[in-house]
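Working notes for the structure below.
Residue numbers (the numbering used here): 132 to 369.
Here you go:
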């Protein structure tokens, strides 16, 4: 039986909960890709639930890019970080003791800004695609047009989001993360990931890269989602 708790929020995201059979199962914080609803990825969430995980799923507003206001991304990350902390606290009070994550595309970047000292409970997880958020957004034709109309350039956007692109993780000792990517991803290609591995490793995390066969950004995301139970089992300690 799936227990779902739709929770529309005023902060640019919506949350829904999918409970595993046992209360003692680990929980996965699951953030959908940009422009993708929870209902669209119900199949992937179900696969994780059947594999024995509680799933707290999030979808985000398209305004994060389409409104051409860089402050929205910063505010969204801050609001989601607080909500994740609240959900972890609630689940702990219900007997859950282990927490990980699975984020895709924009969801991956949001979680990249949540690991470490900000949310130390997240000890393992999957970044399903990753790279430079400003460059990735700039490769989305309509989002780029909207930013150009409001006077933004790629260099200005990179400067505006620099602190989000290079967060201060604090200590990541014992954490295990994996980046999933493809060389043929046109938005967040595999070759773009390398610079972001070393800061996590220097903070104490074990970080690996898993290449999937795909022909673009969407198919890379789907490939990672299809393999999610296997990849999570690979990165989860024990």
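Virtual Cβ for every residue (Gly too), placed ideally from N, Cα, C.
Check: DSSP on residue 255, reduced to helix/strand/coil?; Outcome: strand
Check: For residue 344, which residues from the same chain have a beta carbon less than 8 Å from its beta carbon, with the 5 sequence-adjacent residues on both sides left out?; Outcome: 313, 354
Check: Taking the beta carbon of residue 204 as the centre, do at least 16 other beta carbons fall within 10 Å, making it buried, or is it exposed?; Outcome: buried
Check: Starting from the C-beta of residue 291, find all residues in its chain whose C-beta is less than 7 Å away, skip the five residues before and the five after it, and write them out in chain order.; Outcome: 201
Check: Of all the options 335, 148, 174, which has the alpha carbon lying nearest to the alpha carbon of residue 358?; Outcome: 174
Check: Below 8 Å between beta carbons: does that hold for residue 317 and residue 348?; Outcome: yes
Check: Return helix, strand or coil for residue 243, following the three-state DSSP convention.; Outcome: helix
Check: Count the other CB atoms, across all protein chains shown, that sit within 10 Å of the CB of residue 346; report buried if there are 16 or more and exposed otherwise.; Outcome: exposed
Check: List the whole-angstrom C-beta distance separating residue 144 from residue 192, where the pair is believed to meet the contact cut-off of C-beta under 8 Å.; Outcome: 7 Å
Check: Quick one: residues in its chain with C-beta nearer than 7 Å to the C-beta of residue 190, no 5 flanking neighbours on either side, listed in chain order?; Outcome: 144, 145, 163, 167, 168, 169
Check: Taking buried to mean at least 16 other C-beta atoms within 10 Å of its own C-beta, is residue 377 buried or exposed?; Outcome: This structure does not reach residue 377, given that the chain is present from 132 up to 369, and the question cannot be answered.
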